[in-house]
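**Q** In order, the protein sequence lines correspond to chains A and B.
Residue numbers in the first sequence follow the numbering used here, run continuously in steps of one, and reach 138 at the last position.
Residue numbers in the second sequence follow the numbering used here, run continuously in steps of one, and reach 600 at the last position.
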Amino acid sequence: METIKSPADLRKLREEILERANRKENGTKQKVRIRVHSGTSGLASGAKDIYEFLVHELGKRNIDAVVIKTGDMGYCFAEPTIEVTLPGQQPFVFGYVDRVKADEIIEKYIKNGELTEGILPVNYQTI
Amino acid sequence: MSKYRMQILVCTGTSCSAKENEDLYDNLCLETEAFALENEIKVVKTGCFGLCGSGPIVKIMPGEVIYTNVTPGDAAEIVTEHVLKGRPVERLLCREEHTGRILATEQEVARHRKQLRIVLRNCGIIDPENIEEAIAAGAYEALGKVLTEMTPEGAIKIIRDSGLRGRGGGGFPTGLKWEIASRNKSDEKYVVCNADEGDPGAFMDRSVLEGDPHAVLEAMAVCGYCIGAATGLIYIRAEYPLAVARLITAINQAREYGLLGKNIMGTGFSFDIEIRYGAGAFVCGEETALIHSMEGLRGEPTVKPPFPAESGFRGKPSNVNNVETFACISPIILKGAEWFSNIGTEKSKGTKVFALAGKINNVGLIEVPMGTTLREVIYEIGGGIRNGKKFKAAQTGGPSGGCLTEKHLDIPIDFDNLLAAGSMMGSGGLIVMDEDDCMVSVAKFFLEFTVEESCGKCAPCRIGNKRLHELLEHITNGKGTMADLERLKNMSLVIKDTSLCGLGQSSPNPVLSTLENFRDEYEAHVMAKKCPAGQCRSLMEYFIIEANCVGCTACARVCPVNAISGERKEPHVINQEICIKCGACKEKCKFDAIIIQ
Numbered sequence: 012m013e014t015i016k017s018p019a020d021l022r023k024l025r026e027e028i029l030e031r032a033n034r035k036e037n038g039t040k041q042k043v044r045i046r047v048h049s050g051t052s053g054l055a056s057g058a059k060d061i062y063e064f065l066v067h068e069l070g071k072r073n074i075d076a077v078v079i080k081t082g083d084m085g086y087c088f089a090e091p092t093i094e095v096t097l098p099g100q101q102p103f104v105f106g107y108v109d110r111v112k113a114d115e116i117i118e119k120y121i122k123n124g125e126l127t128e129g130i131l132p133v134n135y136q137t138i
Numbered sequence: 004m005s006k007y008r009m010q011i012l013v014c015t016g017t018s019c020s021a022k023e024n025e026d027l028y029d030n031l032c033l034e035t036e037a038f039a040l041e042n043e044i045k046v047v048k049t050g051c052f053g054l055c056g057s058g059p060i061v062k063i064m065p066g067e068v069i070y071t072n073v074t075p076g077d078a079a080e081i082v083t084e085h086v087l088k089g090r091p092v093e094r095l096l097c098r099e100e101h102t103g104r105i106l107a108t109e110q111e112v113a114r115h116r117k118q119l120r121i122v123l124r125n126c127g128i129i130d131p132e133n134i135e136e137a138i139a140a141g142a143y144e145a146l147g148k149v150l151t152e153m154t155p156e157g158a159i160k161i162i163r164d165s166g167l168r169g170r171g172g173g174g175f176p177t178g179l180k181w182e183i184a185s186r187n188k189s190d191e192k193y194v195v196c197n198a199d200e201g202d203p204g205a206f207m208d209r210s211v212l213e214g215d216p217h218a219v220l221e222a223m224a225v226c227g228y229c230i231g232a233a234t235g236l237i238y239i240r241a242e243y244p245l246a247v248a249r250l251i252t253a254i255n256q257a258r259e260y261g262l263l264g265k266n267i268m269g270t271g272f273s274f275d276i277e278i279r280y281g282a283g284a285f286v287c288g289e290e291t292a293l294i295h296s297m298e299g300l301r302g303e304p305t306v307k308p309p310f311p312a313e314s315g316f317r318g319k320p321s322n323v324n325n326v327e328t329f330a331c332i333s334p335i336i337l338k339g340a341e342w343f344s345n346i347g348t349e350k351s352k353g354t355k356v357f358a359l360a361g362k363i364n365n366v367g368l369i370e371v372p373m374g375t376t377l378r379e380v381i382y383e384i385g386g387g388i389r390n391g392k393k394f395k396a397a398q399t400g401g402p403s404g405g406c407l408t409e410k411h412l413d414i415p416i417d418f419d420n421l422l423a424a425g426s427m428m429g430s431g432g433l434i435v436m437d438e439d440d441c442m443v444s445v446a447k448f449f450l451e452f453t454v455e456e457s458c459g460k461c462a463p464c465r466i467g468n469k470r471l472h473e474l475l476e477h478i479t480n481g482k483g484t485m486a487d488l489e490r491l492k493n494m495s496l497v498i499k500d501t502s503l504c505g506l507g508q509s510s511p512n513p514v515l516s517t518l519e520n521f522r523d524e525y526e527a528h529v530m531a532k533k534c535p536a537g538q539c540r541s542l543m544e545y546f547i548i549e550a551n552c553v554g555c556t557a558c559a560r561v562c563p564v565n566a567i568s569g570e571r572k573e574p575h576v577i578n579q580e581i582c583i584k585c586g587a588c589k590e591k592c593k594f595d596a597i598i599i600q
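1) Answer yes or no: does any C-beta atom of chain A fall closer than 8 Å to that of Val435 of chain B?
2) With distances taken between CB atoms, is the gap from Val43 of chain A to Pro98 of chain A smaller than 8 Å?
3) Terminal residues of the continuous beta strand (DSSP E) containing Glu370 of chain B?
4) Please list the terminal residues of the continuous alpha helix (DSSP H) segment that includes Cys588 of chain B.
5) Short of 7 Å Cβ to Cβ, which residues in the segment 193 to 218 of chain B face chain A?
6) Nearest-angstrom Cα distance between Pro415 of chain B and Gln136 of chain A?
7) Which residues, taken in chain order from the segment 117 to 130 of chain B, show a beta carbon closer than 9 Å to some beta carbon of chain A?
8) Would you say Val68 of chain B faces chain A, with C-beta separation under 8 Å as the test?
9) Does any C-beta atom of chain A lie closer than 8 Å to the C-beta of Met530 of chain B?
10) So who's on the other strand from Thr408 of chain B, going by DSSP bridges?
11) Interface residues of chain B around Tyr86 of chain A at Cβ under 7 Å?
12) In three-state terms, what does DSSP make of Val73 of chain B?
13) Which runs of the beta strand (DSSP E) fall wholly inside the segment 492 to 566 of chain B and span at least 3 residues, in chain order?
14) Please classify Met4 of chain B: does DSSP put it in a helix, a strand, or coil?
15) Gly204 of chain B and Ile11 of chain B: beta carbons closer than 8 Å?
16) Looking only at its chain, what residues have a beta carbon closer than 7 Å to the beta carbon of Phe38 of chain B, apart from the 5 residues adjacent to it on each side?
17) Quick one: which residues of the segment 38 to 58 of chain A get their C-beta closer than 8 Å to a C-beta of chain B? List them in chain order.
18) Ignore the nearest five residues each way along the sequence and tell me which others in Ile44 of chain B's own chain have a CB closer than 7 Å to its CB.
19) How many whole angstroms separate the CB atoms of Met494 of chain B and Val529 of chain B, which I take to be in contact at a CB cut-off of 8 Å?
20) The beta strand (DSSP E) that contains Thr49 of chain B, what's its start and end?
21) What do you reckon, are the CB atoms on Leu27 of chain B and Ala78 of chain B nearer than 8 Å?
22) Is any beta-carbon of chain A found at less than 8 Å from that of Val389 of chain B?
23) Which whole-angstrom value describes the C-beta separation of Pro304 of chain B and Thr291 of chain B, a residue pair presumed to lie in contact below a C-beta threshold of 8 Å?
24) Kindly indicate which residue of B:Arg571, B:Asp595, B:Asn365 and B:Tyr545 has the alpha-carbon position closest to the one of Asn551 of chain B.
25) Given 8 Å as the limit, is there contact between the segment 437 to 446 of chain B and the segment 454 to 466 of chain B, that is, 3 or more CB pairs closer than that?
26) Answer yes if the segment 477 to 491 of chain B comes into contact with the segment 364 to 380 of chain B, meaning at least three C-beta pairs across the two stretches below 8 Å, and no otherwise.
27) Taking the alpha helix (DSSP H) that Lys447 of chain B belongs to, which residues open and close that run?
28) Just to confirm my understanding: we take Lys59 of chain A, look at its own chain, exclude 5 residues before and 5 after, and list those with CB closer than 6 Å. What are they?
29) Closest to Gln538 of chain B by C-alpha separation, out of B:Val445, B:Lys593 and B:Ala559, would be which residue?
30) Tell me, to the nearest whole angstrom, how far the beta carbon of Pro91 of chain A is from that of Gly53 of chain A; I am working on the premise that it is less than 8 Å.
31) Measuring CA to CA, which of B:Arg104, B:Arg571, B:Met223 and B:Gly391 is closest to Asn322 of chain B?
32) At least one CB of chain B closer than 8 Å to the CB of Leu24 of chain A: is that the case?
33) Give the residues of chain A in contact with Phe343 of chain B, contact being defined as C-beta atoms less than 8 Å apart.
34) So what does DSSP say about Cys196 of chain B, is it helix, strand or coil?
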């Protein structure tokens with residue numbers, strides 16, 4: 012990695028990263044993006060198991076997806092929570108996820124776009 | 004893509020009227036079935052949309068149409084008009100409060116949400132172990148701007164003008180703190196990040212460090228440029244292993260990308276950050292104690308002045324800020340002082356993260372603009388009290404704060420209003436208590452914590468708090484007198500006045516504030532020897548109501564100390580001398596014959 016030598020470098024890198032992400036989205040192979048909220052409260056309620064389950068099952072079921080670990084969103088009452096973004100759609104956060112629920116999300120939402128119970132709608136504004 | 008043509012989302016969160024929402028959901032299902040649409044239209048229950056106060060909410064996808072104040076009776080119209088004919092039901096659309104204008108877009112609706120995320124902007128959004136995600140979200144842009152376009156004085160002025168106040172507890176103006184540190188001349192200076200979050204039930208700093216560590220690193224570098232420091236130190240408790248691991252990863256990645264270290268972004272400014280571990284002592288959240296602990300000394304506070312800005316780490320000028328304060332810096336630099344100072348109340352600007360805990364439905368983190376009321380926080384965002392119980396009090400400021408009661412529900416929360424109400428902002432822990440909580444026990448719990456955490460350096464805190472705790476123990480055991488209540492108050496005031504540091508000066512606050520707001524509960528413990536909430540074991544007595552007891556002997560068999568006696572098919576009695584008040588008999592009784600008095 013070459014170091015960033017000026018604020019202009021930083022902006023360029025930022026644009027490159029964003030472009031790379033977009034290219035992935037607009038390419039022939041569109042990917043499902045999943046964020047598993049893995050802060051302390053997520054992990055304490057089983058986020059690690061959900062992460063492994065998702066990675067394993069999505070591979071097994073031939074679904075092209077990117078699964079990443081992030082921090083928590085603050086929905087401690089509903090942990091583990093995951094956010095699923097289908098190509099070209101707005102993200103949805105699902106709460107109270109266990110293996111059964113995760114399986115349901117893959118089969119219903121990811122495969123068929125059918126929403127399931129346990130959705131935590133965006134309840135905040137951000138900057 | 005979806006096999007459903009349309010999906011209808013109904014909020015069945017606990018916040019709004021839960022019963023109506025269930026009926027609404029049922030009606031929508033019935034209506035879609037009536038038109039044989041169940042294979043085309045799906046009705047889904049969701050959590051809260053954050054537009055509480057205008058609930059129940061219904062959202063229709065695709066199209067993202069949001070309906071507010073929907074009643075169960077509106078289900079038919081939504082299905083016949085919107086679902087069948089594709090015509091939105093205008094009278095139910097989300098409207099602006101005063102003008103009645105229809106809010107058509109998602110962004111317009113969003114502005115009516117109670118929560119505003121500035122500090123938590125990236126938490127749960129980016130991968131904290133991948134700096135590129137942070138950069139894509141705009142990290143280090145503010146640092147670049149400060150280094151190339153601003154003088155240290157100019158940047159400090161922006162922070163000053165923004166009105167940002169320290170989020171760790173005291174609420175000291177951050178810009179002023181930086182200015183003082185920048186004015187003190189020295190060959191070496193330090194930027195210290197206080198991540199020693201110790202209040203019971205508070206975890207906002209942990210979440211920020213776990214979810215968005217670069218926000219803190221960047222802000223520390225900005226601070227370093229402003230005050231003229233080349234080294235940053237993060238004092239974090241070793242009980243936060245995940246936060247520590249992510250911080251280390253973030254620091255290493257930032258160095259690799261040239262965003263920390265020598266000659267940052269080619270500007271000639273050098274700044275690096277190290278981590279110092281704390282052993283989880285509450286007193287080390289106090290800045291002088293924190294600095295001593297970092298130096299390898301005992302974590303004990305010293306008298307201020309000198310303030311750390313004059314003589315801090317290794318005797319050099321040091322600027323100590325809390326994690327949440329640092330997390331506010333980059334947005335202020337990028338969006339300007341005016342933007343930030345337009346959020347919040349007159350003297351408290353911006354937002355505050357609260358950790359909701361206790362008897363509340365939606366336990367977790369929230370971020371709201373200063374000036375939001377306790378009622379909005381508890382009943383709307385927090386989803387109300389668990390099991391539909393009655394709200395009794397909310398403790399803010401942890402063991403250093405006080406309790407807010409029903410009469411405080413509608414005051415706008417900010418630094419000054421909380422102080423006026425006999426509590427304090429503290430770091431943002433908010434513990435909610437319901438009718439089943441005994442306030443004398445609550446005061447005792449917090450005091451137990453401070454007694455445990457007192458460093459023992461000064462007598463008022465070391466001995467005074469111990470004596471206070473003994474008095475409370477006395478009262479909850481039914482041995483207190485009215486004179487004890489006076490003694491509690493006097494001793495509390497003396498401890499407040501004479502303790503060396505913030506820990507001792509604030510430790511009697513829970514006692515004083517519960518005495519003030521719940522004197523009747525103290526009096527009940529002392530005079531009637533009763534605990535109104537039924538929490539203090541020594542003051543409880545289990546009784547068998549003769550008329551209800553059928554003499555099944557179930558209670559006598561379950562009693563671990565054989566305190567219950569009686570003939571089969573005859574009413575039983577509990578021997579109060581032997582009873583240990585474990586409650587096993589009450590649980591076992593099928594005839595509601597056992598009561599607590």
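We treat Cβ as the ideally placed atom computed from N, Cα and C, and that holds for glycine.
None of the values given here were measured: they were computed from a predicted structure.
**A** Inspection of the coordinates gives the following:
1) Along the second sequence, one-based indexing puts residue 435 of chain B at 432. No, Val435 of chain B does not count as interfacial toward chain A.
2) Taking the first sequence and counting its residues from 1, the one referred to as residue 43 of chain A is at position 32. Taking the first sequence and counting its residues from 1, the one referred to as residue 98 of chain A is at position 87. The answer is yes: Cβ separation under 8 Å.
3) For this step, residue 370 of chain B is matched to residue 367 along the second sequence. Note, Glu370 of chain B: beta strand (DSSP E), Gly367 to Pro372.
4) For this step, residue 588 of chain B is matched to residue 585 along the second sequence. Ala587 to Lys591 is the extent of the alpha helix (DSSP H) around Cys588 of chain B.
5) Per Cβ criterion, the list reads Arg209, Ser210, Glu213, Gly214 and Asp215.
6) Mapped onto the second sequence, residue 415 of chain B falls at position 412. Mapped onto the first sequence, residue 136 of chain A falls at position 125. Approximately 20 Å, taken between the alpha carbons.
7) Against chain A - using a Cβ distance shorter than 9 Å - the residues of the segment 117 to 130 of chain B are Lys117, Gln118, Leu119, Arg120, Ile121, Leu123, Arg124, Asn125, Cys126, Gly127, Ile128, Ile129 and Asp130.
8) By one-based count along the second sequence, residue 68 of chain B stands at place 65. No Cβ of chain A is located within less than 8 Å of the beta carbon of Val68 of chain B.
9) Taking the first residue of the second sequence as position 1, residue 530 of chain B is located at position 527. No, Met530 of chain B lies away from the interface with chain A (no Cβ there is under 8 Å from its Cβ).
10) Sequence index remark: in the second sequence, residue 408 of chain B carries index 405 (1-based). Looking at the DSSP assignment, Thr408 of chain B forms a beta bridge with B:Ala396.
11) Locating residue 86 of chain A in the first sequence gives position 75, counting from the first residue. Below the 7 Å Cβ cutoff, chain B contributes Gly367 as neighbours of Tyr86 of chain A, in chain order.
12) Within the second sequence, the letter at position 70 stands for residue 73 of chain B. The answer is coil: DSSP assigns Val73 of chain B none of H, G, I, E or B.
13) Listed in chain order, the complete beta strand (DSSP E) runs (minimum 3 residues) inside the segment 492 to 566 of chain B are 545 to 547.
14) The residue you call residue 4 of chain B lines up with position 1 of the second sequence. Low confidence applies here, because Met4 of chain B scores a pLDDT of 46, under 50, leaving its location unreliable; read the following figure in that light. Three-state DSSP puts Met4 of chain B in coil, outside helix and strand.
15) As a working mapping, residue 204 of chain B is identified with position 201 in the second sequence. As a working mapping, residue 11 of chain B is identified with position 8 in the second sequence. It is not a contact, given that the beta carbons lie outside the stated cut-off.
16) Position 35 of the second sequence, counted from the start, is the residue given in the question as residue 38 of chain B. Taking C-beta separations shorter than 7 Å and ignoring five residues to either side along the sequence, the partners of Phe38 of chain B in its chain run Val82 and Leu87, following chain order.
17) Taking 8 Å as the Cβ-Cβ cut-off against chain B, the residues of the segment 38 to 58 of chain A that qualify are Arg46, His48, Gly50, Thr51, Ser52 and Leu54.
18) Within the second sequence, the letter at position 41 stands for residue 44 of chain B. So the qualifying residues of the chain are Tyr7, Arg8, Met9, Ile11, Thr35 and Val86.
19) Numbered from its first residue, the second sequence carries residue 494 of chain B at position 491. Numbered from its first residue, the second sequence carries residue 529 of chain B at position 526. Contact flag wrong, Cβ pair sits at about 16 Å.
20) Taking the second sequence and counting its residues from 1, the one referred to as residue 49 of chain B is at position 46. For Thr49 of chain B, the enclosing beta strand (DSSP E) begins and ends at Ile44 to Thr49.
21) Taking the second sequence and counting its residues from 1, one reaches residue 27 of chain B at position 24. Taking the second sequence and counting its residues from 1, one reaches residue 78 of chain B at position 75. Yes, Cβ-Cβ distance for Leu27 of chain B and Ala78 of chain B is below 8 Å.
22) Here residue 389 of chain B is taken as the residue at index 386 of the second sequence, counted from 1. Looking at the sequence shown, residue 389 of chain B is not Val but Arg. Output row for Arg389 of chain B: interface = no.
23) One-based indexing of the second sequence puts residue 304 of chain B at position 301. One-based indexing of the second sequence puts residue 291 of chain B at position 288. Pro304 of chain B to Thr291 of chain B, Cβ: 5 Å. Contact.
24) The count along the second sequence starts at 1 and reaches residue 551 of chain B at position 548. The shortest Cα separation from Asn551 of chain B among B:Arg571, B:Asp595, B:Asn365 and B:Tyr545 belongs to B:Asp595.
25) Counting C-beta pairs with one atom in each stretch, the segment 437 to 446 of chain B and the segment 454 to 466 of chain B have fewer than three that are closer than 8 Å, which means they do not touch.
26) Result no; under three Cβ-Cβ pairs closer than 8 Å.
27) Position 444 of the second sequence, counted from the first residue, corresponds to residue 447 of chain B. Per DSSP, Lys447 of chain B belongs to the alpha helix (DSSP H) from Met442 to Glu456.
28) Counted from its first residue, the first sequence places residue 59 of chain A at position 48. None.
29) To locate residue 538 of chain B, count along the second sequence from 1; it is residue 535. Ranking the options by Cα distance to Gln538 of chain B, first place goes to B:Val445.
30) Mapped onto the first sequence, residue 91 of chain A falls at position 80. Mapped onto the first sequence, residue 53 of chain A falls at position 42. So it is a contact: roughly 5 Å between Cβ atoms.
31) By 1-based counting over the second sequence, the position of residue 322 of chain B is 319. If we check each option's Cα against that of Asn322 of chain B, B:Met223 comes out closest.
32) Along the first sequence, one-based indexing puts residue 24 of chain A at 13. Output row for Leu24 of chain A: interface = yes.
33) Walking along the second sequence from the start, residue 343 of chain B turns up at place 340. Going along chain A, no residue has its Cβ under 8 Å from Phe343 of chain B, so there is no contact; the nearest lies around 10 Å.
34) The count along the second sequence starts at 1 and reaches residue 196 of chain B at position 193. Cys196 of chain B: strand per DSSP, three-state reduction.
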